[in-house]
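**Q** Residue numbers (the working numbering), protein chains in the order written: chain V, -9 to 315; chain S, 344 to 621; chain Y, 23 to 316; chain B, 466 to 963; chain U, 238 to 580. Have a look at this one.
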Amino acid sequence: MVLFLLRRLGQSILVLWLMSVIVFAGIYLVGDPASMMIPDSVTPEMRAQMMSALGLDKPALAQYLDFAGRAVHGDMGKSFATGLPVSTLIASRLTATMELAVAATLIAIVVGLPLGLVAGRWPETVAGRALTFLSSLGFSLPTFWLGLMLIMVFSVHLGWLPSNGRGPTTEWLGLQVSFLSWQGLRHLLLPALNLALFNAAMVLRLARSATREALLTDYVKFARAKGIGNARLMGVHVLKNILIPIVTVVGINFGGIIAFSVVTETIFGWPGMGKLLIDSINALDRPVVLGYLMFVVVIYLLINLVVDLLYSWLDPRITLSARAS
Amino acid sequence: MSEPLLEVQGLSTHFDVRGGTVRAVDGVSFSLGRGEVLGLVGESGSGKSQTGYSIMGLVDPPGKVVAGSIRFEGRELVGLPSEQLRALRGNRMAMIFQDPMMTLNPVLRIGTQMAEAVLAHRKVGRARALEEAHHALERVGIPSAGERLRSYPHQLSGGMRQRVVIAIALLNSPKLFIADEPTTALDVTIQGQILYEMQKLTRETGASLIWITHDLAVVAALAQRICVMHKGKIVEQGDVDQVLRAPVHPYTRGLMDSIPSRNPRGQRLRTMPAFEAP
Amino acid sequence: MSATAETPLRRLWSEFTASRLACAGLAVTALIVLVAVLAPWISPQNPYDLQQLSVLDARLPPGTRTAEGVRYWLGTDDQGRDMLSAIFYGLRISMMVGLLCTAIAAVVGTALGLAAAWFGGAIDAFIMRLADTQLAFPSILIALIFLALFGKGADKIVLALVLVQWTYYARTVRGSALVELRKEYVEAARGLQLPRARILFAHILPNCLPPLLVVATVQVAIAIGLEATLSFLGLGLPVTEPSLGLLISNGYGYMLSGNYWISFFPGVALLVAVLAINTVADQLADVLNPRLKR
Amino acid sequence: AELKLAIATDVTSMDPQYANIAGNVQVSRHMFESLADLDADGRLVPRLAESWRRTEASVWEFKLRPNVKFHDGSTLTAEDVVYSVGRPATLTSSPATLNGFLKDITKAEALDANTVRFTTATPLAVLPNYLAMVPIVSKHATQGLKPEDFETGKGMVGTGPYRFGKFLRSDRIEMTRNEAYWGKKPHFDKVTIRIMPNNPARTAALLSGEVDAIAVVPTADVARIKQNPNITFYTKPLARHTFWTLNQASDALPQAFDHDGKPLTSNPFKDVRVRKAFSKAIDREAIGSRVMDGLGVPTQNPVPATMFGYNPDLAPEKYDLEGAKKLMAEAGLPNCFKLSIFARSDSHPTDSAQAQAVGQMLSRLGCKVSVEVVPTSVFFTRGNKLELPMLLLATGVDGGDLGVTLEYLFSNPTNNPFRKVNMQTYDSPAFWKPLREALALNDEQVRERKYRDTTRVLRDEVGVIPTELMVGTWAARKGVVLTPRVDERTYAFEASGN
Amino acid sequence: MTPLFELQGVTKTFARPEDAVARLRARLAGQPAARRVTVLHETDLAVAPGEVLGLVGESGCGKSTLGRVAAGLHAPDTGRRLWDGADVAAMPPAQERATALGIQMIFQDPHASLNPRRRVGDAIGEAAGVHGLLEGASQADFAAELLRQVGLDPAMADRFPHQFSGGQRARIGIARALAVQPRFLVCDESVAALDVSVQAQVLNLFMDLRERKGLTYLFISHDLSVVHHLADRVAVMYLGRLVEVAPTAELFREPAHPYTRALLDSVPRLDAGNTVFQPLKGEIASPLAPPSGCAFHPRCPHAMAVCREQQPALQPVAAGRFAACHLVPACGTVPSTDSQSAP
Ligand SMILES: Nc1ncnc2c1ncn2[C@@H]1O[C@H](COP(=O)(O)OP(=O)(O)OP(=O)(O)O)[C@@H](O)[C@H]1O
Ligand SMILES: Nc1ncnc2c1ncn2[C@@H]1O[C@H](COP(=O)(O)OP(=O)(O)OP(=O)(O)O)[C@@H](O)[C@H]1O
Ligand SMILES: [Mg+2]
Ligand SMILES: [Mg+2]
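Here it is in structure tokens:
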């Protein structure tokens, strides 16, 4: 186990390095940040001064080494566009994002999983079919579309929930969070729902199809022979057996929400990280894009580490160590 | 013995498959008194297991009990609401399945799977349920029971899994116990231990057994009555001694002739003229 | 007992068509594919030909007949495109992109996922860390880099989307395959010295199929949506050749101002397409599940 | 009373001098002021300076308003002004630096507590306009601060009508009224500016009552907002117009081919007849009314009628397909040619639609047009390399002076060594002569005339193809009254209510 | 004569079942990670060509594990597998594969060992098709023939495993293993699920194959009458060790090891009528907590002091007979000097 974690750490460092090279080269290829950043109205001296202040005057390799050298010490540099340290920028949005991601994922699981079990348990009933049908709706509706509808219904017409922003935040462990106050929760609900619906639909479908399989196994039959009630049968015997694909997909999507939920963040004015990335890519704000994506890799490495640990917990036959073939 | 514990009348269980119907059980009738042991033997694929499943109400779709009645403790089981049936299962009547590897949930610990069988029917604490599970494992001859409770099914040998399943069925002291080839994976010393426990069960709680097996010697030793099945039908039933000593039906006779110990060692065994499968 | 003259494909077909809902789904899917293929011949207008468009006809409501006697059954969009034609053509692109991406990503991802599960150790680590890297790489950046390197084109979009999507399959398949690999039937197949590829693809893969089918059908919808997003951002296909997703994106601003048809009809088309594909996939999953068979 | 105002542009920094971009300026002007300023119609008015005059050709003297207090109670002095004018040069990592406006100043000195003298390298008539762009900060409060320090409120010490409250990045800025303000006291004592770049979200926020007013009503929602009885809708022609630039840099026009797909032998855009034909082929009325939903007005002038430099003699080019065809035939290109036209995907929402519409119109001329909409990063990177043949741009008028903008737009390394390459490859002595003269002149009337000369030459030579003057939109709930501005800003201190 | 197949000093261990708390506690206490159970100790076993070696023993003693190691499905932790005297692990890949194909295993649990999504006809015919063993027949005909041989209706080839009864599935497993024409077959409880008549049919098939093709068997079974009938020699296993190896007739006539004796005594007899069974005396040994000395001593009626302390080695006790018991020499059986084959 310890060995496993150590090995994972080593791989992660390699991944980070790989990522930094790809992203650096990628952005370098896309365009010249100076053309976006420095107005034509300045003098050549000023221009040169700015280029060197941004580190753009050196050859690409030197620029990369500069970056890597600093990154090793944990310094991701400063944003071209805002002048703020990248870490500050990311940190300032991280709580909001995490809150949203956790809320959305929780909703997706809490809604999707039980409904999926129901749809898989009674696939031929009206309820089962209706759930299946609705779940297809869940991911054929574009996110922006759905978001707008949510706003129109719940904010504009019914006036129940605020449509925009994070609302007042509460301090919790030194972080500014929304979920501790009623007002904050109200702000959180719509964007979280918007993100959750897709995931809930996906979880529902995965759970449904896996449940149908699991219900036909002998061990479920035997559990029924033991007189186990429906709740435990579904909630323990079936559930634990179907979770692996669900955990996989939820893991990936959780990372996706943290990193890339731009659409929801813009529609609901949620000050999360996704927008930061898009803005930075558009502005070719290289330090931010680099720092951000490195951060996202770390998130994914962590998530997938947890997912792999979950695998071996969910199915004891899967071992963490390298498998012989 | 006033009323039999179990009364099966004209039971038929059919599977609709593409291109026809498999009559897995085809008009089976028998009755089982309290404290009685019934040996159910017969050709492989003759419908013994399906008979057991039918009684438990666990026939897999597309299989269906298409006819007949099953009266258990005076109650008709065919058509009984599922919640009432559930309350009976594992409590008043228990069944152990034939394939021990597949009948235990691969992702749950043995202890969990045993404890829940207790908790499903009795209001006791989890610790207490685990204690009972521990005891049941010891009864079926599993050493290091405490540690085995923490094992997962794949960590056990075939015979251990089979014993775990038996132990689970024993947990709630059922009145009717359907055992589907329960000792095939056990060596004869452990088998003896299990049979001892079974006898104790019938003796002490008046439980009745349906013992599905191929081992006629075990039937001879354990059962009072025997049913011989062939192609979904019971072709012969009666007192064990009688049937085994003087089988009437040609199939039963052929069966007896095929027993290895009744054949010269190392020679070809006598087989029956082809009885084509259902 | 079971019919002997039946070929496996025949049997699959007859099992598939046993459900009326699935038949409907298949029919709709077929119709959509047909419409997509035949779009140039059945559309009243070529919506990609700028010369046939006029902004003066922009945002006409459904059913409008112009002075020249052209009838816009589903109205026109903000460029004066006949929505019906635009939807036909849009389906063509969206279905192509959606199905192609899904197919390629599924094949690549499945193969890599199976390989990771089977070989374990360094190969597993390599593939999975590659997936981690890939997951962290936003599609927009990939598309932007492709745009800078190779310029625009449907092939680049497909490639970019495949790059984004293969990870889903790889991780899903790996997860399921890890469970399957521990089962005895795999041991048996190994003992029979079946070729590795055969064990992986003919034995393990079918058992990992249920989640895979779900992921695949969802990814079709995602691919269509991603393509639209990229095109909308100017990183995808030309704006003058809108896909279904792009039509929806373009029109959604008008959704609330009364010009609902610009976004609504393409939305309905997308919805129907996704539903039909899902229905087909659901039935396929059932048909491929032997325990539900008779 | 509190005003909740939603704006469409993001705010990157609280440091008022860090970046001269719309969102930042819009916000910082509530708390910081400049010496001169522009009124709602885009005319230059005094602000922190009471008056200014030109003592010599290259020397300007500004008299400060006496007794103006910073938010911390200290008094504004000439020292602060000198400091503020020097500070942008020290912010080297700033994008969109203010230095462009200050680079001509060779010396800034405080003559006394209320007088500042600026010396410029060459005679510069538009210095007050330039200085209208530069917010004045407090010397002692901001010295040694880094731009990111302002986030927390440090250094947010200005003279403006509002005081800094709180900044939540990408979300909101909260401000309170400056009770000690020297000028007219604003109506609202508390202001929250919400950052909402997403169009429908802004509308929804207004409709749901979450905000009181929004800037930039999404084109698609205009009809709906107009009908709403509880909402007042405002429009104002902006000092911002869209135009097409035609690449005239080299003899080979990039990404243009004849109808057989072979590269063109000469650059057709070097022929004024082709440029004229293109201009005539564009139906500006249709674009304004259909594509921009009435929020575009056909124009030949870069500024609205209220502004300095407007040329009433220049009518917008009429849509004339036949005339255009004739010109093309004269130019020897009766069937036009194949080319790509470019617009940005992430700037104005109607850019893409405008480009497509123009694509349609040019195709009627026989051209085979492919419309390419790309992100700004790609657009400018390739545009700067002169790789794009024809592109859609939009520009506003900085500092309220047309000449500054024209000079900025049309400069390139050949005519101005200070300027890097830009995408306006039109270059003509007839254009530069009046413009250069005007920029040095003191006399306002002559200057305006020279500007008109310049725009006339631009029209005659079709240097670029102007299409629409953009119309700004605002909406507020009944009871809140906004002041629409040509520079598209929305100021809480110019709003009133009940 | 070189044995066809030989195991030398094979040891196999598995991870211990533990709960999270125990694992954490072990880690905190700084215990080494050697929380493993040894289920197979230094086992040697040889099978001559054409021989049927019966393997009997207590449930959970490691028979299946031994079988899996023999069939190459588990890699042993230590020890070697020899085929025709050559180390399998050292063979060139192609030869190793051919050897592996020649050693087939019939699994104890036929249900688990069948792919639920493959029709049984495929399951049976596939490998033969892949390895070119169809001999001109079509795969379907080939599978049909095998199904017939194990007493199943060839029309069932189209069905899926779950559509069969337990005994039918067992026969499918047998047919699948036979399809690739192995030279050495490890049968793990292969006939236990069959009624005696079908069992007889299958056993006859096994005997035929041995006669016609010289097929060699490691026959793991609890059914002593079947072992008695079929096997040439019998190996008896107890808690991961072989405790006795002897020619069948001799073993049944005169068991040397007390465990063997206990086994033979517990066999229910058909003609005995209803019997009252007795509980096991003594503690059943577990690999999780192996008893000191001889593993059987807690249940052994003859246990002596030395049995508690010292692990007896498997020694020759008579011509061709081996036993691991401190008592055996004292039983008066003189060890023979001319034992021809190793155990
Ligand atoms: N994967 C595993 N992990 C841990 N322990 C295992 C594993 N597989 C087998 N064991 C243990 O190894 C021992 C021997 O198992 P094996 O299956 O070889 O027994 P067996 O002799 O075949 O028994 P049976 O007759 O009951 O089938 C058992 O104690 C079992 O618990
Ligand atoms: N799902 C199914 N579909 C079709 N036929 C089935 C299905 N399940 C079982 N059968 C058939 O039903 C018959 C009876 O099966 P059952 O399991 O009761 O036999 P059994 O007497 O228990 O045999 P065994 O001794 O081999 O376990 C068999 O012929 C089997 O092929
Ligand atoms: Mg059975
Ligand atoms: Mg075993």
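Cβ atoms here follow ideal geometry from the backbone N, Cα and C, with glycine treated the same way.
With 16 other CB atoms within 10 Å as the buried threshold, where does R(-2) of chain V fall?
**A** Burial call: buried.
**Q** Which one of B:D866, B:R829, B:S835 has the shortest CA to CA distance from P593 of chain B?
**A** Comparing Cα-Cα distances from P593 of chain B to each of B:D866, B:R829, B:S835, the minimum goes to B:D866.
**Q** From Y956 of chain B to V622 of chain B, what distance separates their C-alpha atoms?
**A** So the two alpha carbons sit approximately 18 Å from each other.
**Q** Just to make sure I have the definition right: I need the residues of chain B whose C-beta is within less than 8 Å of the C-beta of F70 of chain V. Which are they?
**A** Residues of chain B passing the Cβ test: S558, P560.
**Q** For W95 of chain Y and G47 of chain Y, what's the separation of their Cα atoms in angstroms?
**A** Roughly 25 Å between the two C-alpha positions.
**Q** Cβ-heavy atom distance between G388 of chain U and ligand 3 below 6 Å?
**A** Not so, every heavy atom of ligand 3 lies at least 6 Å from the Cβ.
**Q** Under the rule that 16 or more other beta-carbon atoms within 10 Å means buried, what is G0 of chain V, buried or exposed?
**A** Exposed, because fewer than 16 other Cβ atoms sit within 10 Å of the Cβ of G0 of chain V.
**Q** Which residue comes first and which comes last in the alpha helix (DSSP H) that contains Q692 of chain B?
**A** Note, Q692 of chain B: alpha helix (DSSP H), 687 to 692.
**Q** Compute the minimum distance between the beta carbon of S402 of chain U and the heavy atoms of ligand 3, and state whether it is under 6 Å.
**A** It does: the Cβ of S402 of chain U is within 6 Å (strictly closer) of some heavy atom of ligand 3.
**Q** Closest to V531 of chain S by C-alpha separation, out of U:V423, U:C424, U:L422, U:A429, would be which residue?
**A** For the residues U:V423, U:C424, U:L422, U:A429, the minimum Cα distance to V531 of chain S belongs to U:A429.
**Q** Anything in chain U within Cβ reach of R608 of chain S, meaning under 7 Å, just list it in chain order.
**A** Going along chain U in sequence order, the residues near R608 of chain S (Cβ under 7 Å) are H465, H466.
**Q** Ignoring anything shorter than 4 residues, give me the alpha helix (DSSP H) runs that lie fully in the segment 81 to 148 of chain V, in order along the chain.
**A** Qualifying alpha helix (DSSP H) stretches, in chain order: 116 to 130, 133 to 140.
**Q** Would you identify the three-state DSSP class for A144 of chain Y, choosing helix, strand or coil?
**A** Of the three classes helix, strand and coil, the one that applies to A144 of chain Y here is helix, per DSSP.
**Q** Going by beta-carbon coordinates alone, are S516 of chain S and T545 of chain S separated by less than 7 Å?
**A** Contact: no.
**Q** From this set, B:S539, B:V546, B:G538, which residue's C-alpha is nearest F527 of chain B's C-alpha?
**A** Selected option, being the one with the closest Cα: B:V546.
**Q** Between S392 of chain S and ligand 3, is there a pair consisting of the residue's CB and a ligand heavy atom that are separated by less than 6 Å?
**A** True, at least one ligand heavy atom lies under 6 Å from that Cβ.
**Q** Taking the straight line between their C-alpha atoms, what separation do you get for M118 of chain Y and L455 of chain U?
**A** Each residue's Cα considered, the two are about 57 Å apart.
**Q** By how many angstroms is the C-alpha of E459 of chain S removed from the C-alpha of A252 of chain U?
**A** Cα-Cα distance, rounded: 26 Å.
**Q** Any beta carbon of chain B sitting closer than 7 Å to that of A147 of chain Y?
**A** No, no contact with chain B.
**Q** Is the closest heavy atom of ligand 2 to the C-beta of G581 of chain S under 6 Å?
**A** No, Cβ of G581 of chain S sits at least 6 Å from all heavy atoms of ligand 2.
**Q** Hey, G64 of chain V and V76 of chain V: beta-carbon distance below 7 Å or not?
**A** The answer is no: Cβ separation not under 7 Å.
**Q** Check the DSSP bridge columns for V936 of chain B and list the partner residues they point to.
**A** For V936 of chain B, which the question treats as bridged, DSSP gives the partners B:P702.
**Q** What is the DSSP secondary structure of V450 of chain S, reduced to helix, strand or coil?
**A** In this structure, V450 of chain S counts as coil in the three-state DSSP scheme.
**Q** At a CB distance below 9 Å, what residues from the segment 189 to 221 of chain Y approach chain U? Give them in sequence order.
**A** If the cut-off is 9 Å between Cβ atoms, the segment 189 to 221 of chain Y has K205, E206, Y207, V208, E209, A210, A211, R212, G213, L214, Q215, L216, P217, R220 near chain U.
**Q** Would C570 of chain S pass as a contact of L375 of chain S if the rule is Cβ separation under 7 Å?
**A** Going by C-beta atoms, C570 of chain S is not nearer than 7 Å to L375 of chain S.
**Q** For the candidate residues B:G761, B:L871, B:A808, B:T870, whose alpha-carbon lies nearest to that of G848 of chain B?
**A** Ranking the options by Cα distance to G848 of chain B, first place goes to B:A808.
**Q** Can you tell me which residues fall inside 5 Å of ligand 4, judged by beta-carbon distance to its nearest heavy atom, and keep chain order?
**A** Ordered along the chain, the selected set is S:S500, S:G501, U:S301, U:Q345.
**Q** Flag this pair as yes or no: are the beta carbons of F401 of chain U and P312 of chain Y separated by less than 7 Å?
**A** Contact flag unset, no.
**Q** Between Y94 of chain Y and chain V, is any beta-carbon pair separated by less than 7 Å?
**A** With 7 Å as the cut-off, Y94 of chain Y does not count as an interface residue toward chain V.
**Q** For G370 of chain S, which of S:K391, S:D359, S:S387 has the nearest alpha-carbon?
**A** Among S:K391, S:D359, S:S387, the Cα nearest to that of G370 of chain S is on S:K391.
**Q** Could you tell me whether any Cβ in chain S is nearer than 7 Å to the Cβ of A204 of chain V?
**A** With 7 Å as the cut-off, A204 of chain V does not count as an interface residue toward chain S.
**Q** With a cut-off of 7 Å, does the C-beta of T446 of chain S fall near any C-beta of chain V?
**A** True, the Cβ-Cβ gap to chain V drops below 7 Å.
**Q** From this set, U:H466, U:V387, U:F514, U:V367, which residue's C-alpha is nearest A563 of chain S's C-alpha?
**A** Measuring from the Cα of A563 of chain S, the nearest candidate turns out to be U:F514.
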